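Peer 1: Below: one structure in structure tokens.
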Amino acid sequence: MPSRRVALTALVAALATLAAAVLFDVLGTVFFALTVTYLLAPLHRRLNDRLPPWPAAAATTVAVTTGVLLALASVTLLLARRADDIVQFIREIPAEFTFVVLDTPVVVDVSTLLAAAREAASAVAVDAATALPTLGLKLTVFAFLVFALLIHHRDVERAVLAAIPHTYHDVTSALAGRARATLYAIYVLQAATGLGTFLIALPVFFALGYGPFPTLALAAGVLQFLPVVGPSIVVLALAGYHLTTGDVTSAVLVVVVAGVLVAWLPDVLIRPRLARETANLPGSLYFVGFVGGLLTLGPVGIIAGPLVAALLAEAIRLLAAEQTRNRTT
Numbered sequence: 002m003p004s005r006r007v008a009l010t011a012l013v014a015a016l017a018t019l020a021a022a023v024l025f026d027v028l029g030t031v032f033f034a035l036t037v038t039y040l041l042a043p044l045h046r047r048l049n050d051r052l053p054p055w056p057a058a059a060a061t062t063v064a065v066t067t068g069v070l071l072a073l074a075s076v077t078l079l080l081a082r083r084a085d086d087i088v089q090f091i092r093e094i095p096a097e098f099t100f101v102v103l104d105t106p107v108v109v110d111v112s113t114l115l116a117a118a119r120e121a122a123s124a125v126a127v128d129a130a131t132a133l134p135t136l137g138l139k140l141t142v143f144a145f146l147v148f149a150l151l152i153h154h155r156d157v158e159r160a161v162l163a164a165i166p167h168t169y170h171d172v173t174s175a176l177a178g179r180a181r182a183t184l185y186a187i188y189v190l191q192a193a194t195g196l197g198t199f200l201i202a203l204p205v206f207f208a209l210g211y212g213p214f215p216t217l218a219l220a221a222g223v224l225q226f227l228p229v230v231g232p233s234i235v236v237l238a239l240a241g242y243h244l245t246t247g248d249v250t251s252a253v254l255v256v257v258v259a260g261v262l263v264a265w266l267p268d269v270l271i272r273p274r275l276a277r278e279t280a281n282l283p284g285s286l287y288f289v290g291f292v293g294g295l296l297t298l299g300p301v302g303i304i305a306g307p308l309v310a311a312l313l314a315e316a317i318r319l320l321a322a323e324q325t326r327n328r329t330t
């Protein structure tokens with residue numbers, strides 16, 4: 002006969018699985034709210050020292066929801082307004098490229114790829130407009146969840162710890178610390194670096210004479226979430242475009258100027274100031290988690306992938322420490 006705690010834990014797990022199936026369309030929003038709330042819990046505690054619980058949770062929720070709303074609105078508006086510029090930029094790319102390999106000219110036809118890219122760019126404005134009602138509903142769900150979780154986060158923590166045997170609380174604490182550091186690295190460090198990259202890239206791409214410079218700057222900022230390569234993708238793509246048109250000077254200029262100011266400078270200026278609180282996760286593991294999560298889960302995987310990779314690394318570290326302890330005793 003299982004104990005009452007085991008039975009209740011199994012019941013909660015079963016109901017959580019059922020809720021995940023029923024609420025599948027907002028599962029990403031729920032996950033996003035859970036991770037944001039987990040990261041905001043220390044801030045809420047500080048506010049709660051000066052304010053009653055309800056106003057403290059409300060102030061925190063309003064602040065984070067406003068930030069998310071501004072970010073989504075800015076990206077959506079910019080993509081919608083710059084869709085025509087992107088299409089025009091793609092149209093200027095030659096349909097064929099000729100390379101000489103062993104004194105033999107090789108022609109590469111990319112017309113089909115360019116046609117698909119033009120169609121995708123043209124659909125951006127329409128997709129952005131049609132997605133607004135759904136985004137509004139999901140943002141509302143997000144705000145309610147963050148508020149409720151902030152109000153009751155201590156109860157949730159106690160319930161989770163109650164379901165775990167006391168001898169494993171150190172494991173729970175280690176995993177919780179790794180999760181918080183990873184989420185800080187994703188939300189705070191990457192977002193701050195991405196915003197800084199966007200602000201630096203705006204005048205740089207404008208000075209270099211690119212018409213859709215806001216779109217290029219936005220792409221550079223978003224790509225900061227992609228570890229290892231990041232905004233270098235935009236710089237190398239622009240350099241490759243200039244090389245295909247025979248403009249070697251512009252290619253060298255964009256690599257030198259944008260490569261230094263856009264791809265390198267934000268990491269030097271911003272990242273070291275915030276890196277003290279991060280998870281110290283190897284870049285290669287972060288890259289695998291980011292790309293794998295994105296390909297498997299879509300946008301939610303940007304958060305879930307690195308988080309799972311970090312928790313796996315922490316679990317392996319705990320296992321290795323346990324094995325070492327057993328050998329010495």
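If you're matching positions, the sequence shown starts at 2 in this note's numbering and goes up one per residue. Every residue gets a Cβ at the ideal spot worked out from N, C-alpha and C, and that includes glycine. Here the structure is a predicted model, which means the values were calculated and not measured.
Measuring straight from C-alpha to C-alpha, what distance separates residue 183 and residue 292?
Peer 2: One C-alpha to the other measures close to 16 Å.
Peer 1: Could you compute how far the alpha carbon of residue 298 sits from the alpha carbon of residue 21?
Peer 2: Approximately 15 Å between the Cα atoms of the pair.
Peer 1: Whose C-beta lies closer than 8 Å to the C-beta of residue 66 among residues of the same chain, with five residues either side of it excluded?
Peer 2: Cβ within range, chain order: 140, 143, 144 and 147.
Peer 1: When DSSP builds the beta bridges, which residues end up paired with residue 141?
Peer 2: Answer is none; residue 141 lacks a bridge partner.
Peer 1: Output yes or no for whether 8 Å exceeds the beta carbon distance between residue 307 and residue 287.
Peer 2: Yes.
Peer 1: May I ask you to verify whether the segment 307-321 touches the segment 183-201, counting CB pairs closer than 8 Å and requiring at least 3?
Peer 2: They touch, by the three-pair rule.
Peer 1: Starting from residue 51, follow the alpha helix (DSSP H) in both directions and report where the run begins and ends.
Peer 2: It is not in any alpha helix (DSSP H) - residue 51 carries neither H nor E in the DSSP assignment.
Peer 1: When burial is assigned at 16 or more other CB atoms within 10 Å of the CB, is residue 263 buried or exposed?
Peer 2: Buried, by the Cβ-count rule.
Peer 1: Quick check on residue 137: buried or exposed, where buried means 16 or more other Cβ atoms within 10 Å of its Cβ?
Peer 2: Answer is exposed; the Cβ neighbour count stays below 16.
Peer 1: Under DSSP, the alpha helix (DSSP H) around residue 242 begins and ends at which residues?
Peer 2: Element bounds for residue 242: 233-245.
Peer 1: In whole angstroms, what separates the C-alpha of residue 260 from that of residue 236?
Peer 2: Straight-line Cα distance between these residues: approximately 6 Å.
Peer 1: Is residue 301 closer than 8 Å to residue 25 when the C-beta atoms are compared?
Peer 2: Cβ distance not < 8 Å, so residue 25 and residue 301 don't count as in contact.
Peer 1: Tell me whether the beta-carbon of residue 243 lies closer than 8 Å to the beta-carbon of residue 251.
Peer 2: Contact flag set, yes.
Peer 1: Using 8 Å as the limit for Cβ to Cβ distance, is residue 7 near chain B?
Peer 2: Included in the structure is just one protein chain, with no chain B present.
Peer 1: Quick test of your reading: residue 44 and residue 30, contact by CB under 8 Å. State the CB separation rounded to the nearest angstrom.
Peer 2: Going by Cβ atoms, the distance from residue 44 to residue 30 rounds to 21 Å, so no, they are not a contact pair.
Peer 1: On a CA-only basis, which of 223, 294, 326 and 258 is nearest residue 72? Give me that one, please.
Peer 2: Ranking the options by Cα distance to residue 72, first place goes to 223.
Peer 1: What residues in its chain sit with their C-beta under 6 Å from that of residue 47, if we drop five residues either side in the sequence?
Peer 2: Within the same chain, residue 47 has no close Cβ partners at all.
Peer 1: Tell me whether the beta-carbon of residue 17 lies closer than 8 Å to the beta-carbon of residue 151.
Peer 2: Against a cut-off of 8 Å, the Cβ pair of residue 151 and residue 17 comes out as no contact.
Peer 1: Can you check which of these residues, 114, 163 and 198, is closest to residue 218 by C-alpha distance?
Peer 2: Nearest C-alpha to residue 218: 198.
Peer 1: Can you check whether the CB of residue 42 is closer than 8 Å to the CB of residue 170?
Peer 2: No, Cβ-Cβ distance for residue 170 and residue 42 is not below 8 Å.
Peer 1: Within 10 angstroms of the Cβ of residue 323, are there 16 or more other Cβ atoms? Answer buried if so, exposed if not.
Peer 2: Residue 323 comes out exposed.
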